[in-house]
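Numbering (mature numbering (1 follows the signal peptide of the UniProt record, and there is no 0)), first residue to last: -20 to -1, 1 to 112. Even glycine gets a Cβ: it sits at the ideal position worked out from N, Cα and C.
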Amino acid sequence: MKKILMICAVVLGFAFTASAQDSGKAEFKFNEEKHDFGKIPQGTPVTTVFEFTNIGKEPLILTEVRPTCGCTIADYTKTPVKSGSKGVIKITYNAAAAQPFNKTIVVKSNAVTPEKYLNIVGEVVAKPATSK
């Protein structure tokens, strides 16, 4: 019985130590993780900015920000974001096809949550035909 209690204590000790180490890592806190553009006119690119704060203790480094389709372009803070500081991820969507859209942007970093997903949604509406 003593052996079982000792093994449980050791396992719990390792678990607490491992979780305590993660608490010092960098971590995101976004102002929003999904942006709704609503209805936008066809042929007019639209842009939004996802702002985040590093709420961890270590600097936050974005290693990759990858849209899941070629109709979306991402630009982002390339320098390490210090604890308590803010960074941005700027997303531009090319509204070429008249249809609803739901696009995902994959954000990879050194954070406690190493992979985050941001979404943009909306509906591209056709421009009215012009008469000559």
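**Item:** Reference Leu40, options Glu103, Thr59 and Thr27, closest by Cα
**Value:** Out of Glu103, Thr59 and Thr27, Thr59 has the C-alpha closest to the C-alpha of Leu40.
**Beta-carbon spacing of Cys51, Asn74 below 7 Å** = Contact: yes.
**Request:** Mind the definition here: the region 66 to 73 touches the region 88 to 97 only if three or more C-beta pairs lie below 8 Å; say whether that holds.
**Result:** no
**Message:** Tell me the DSSP secondary structure of Thr59 in three-state form.
**Reply:** coil
**Request:** My understanding is that Phe8 touches Lys96, with C-beta atoms under 8 Å, so please give their C-beta distance in whole angstroms.
**Result:** 6 Å
**Message:** Taking 8 Å as the limit between beta carbons, can you name the residues of its chain near Ala(-3), skipping five residues before and five after?
**Reply:** In this prediction, Ala(-3) has a pLDDT of 49, which is less than 50 and means its spatial position is unreliable; what the coordinates show is noted afterwards. For Ala(-3), where only same-chain residues beyond five positions count, there are no Cβ hits under 8 Å.
**Asked** Is Val29 buried or exposed, if buried means 16 or more other CB atoms sit within 10 Å of its CB?
**Response** Answer is exposed; the Cβ neighbour count stays below 16.
**Cα-Cα separation, Pro21 to Asn82** = The alpha-carbon atoms of Pro21 and Asn82 are separated by roughly 16 Å.
**Asked** Which residues does DSSP pair with Asn41 in a beta bridge?
**Response** One point to set straight first is that residue 41 is Ile, not Asn, in the sequence displayed. DSSP lists no bridge partner for Ile41.
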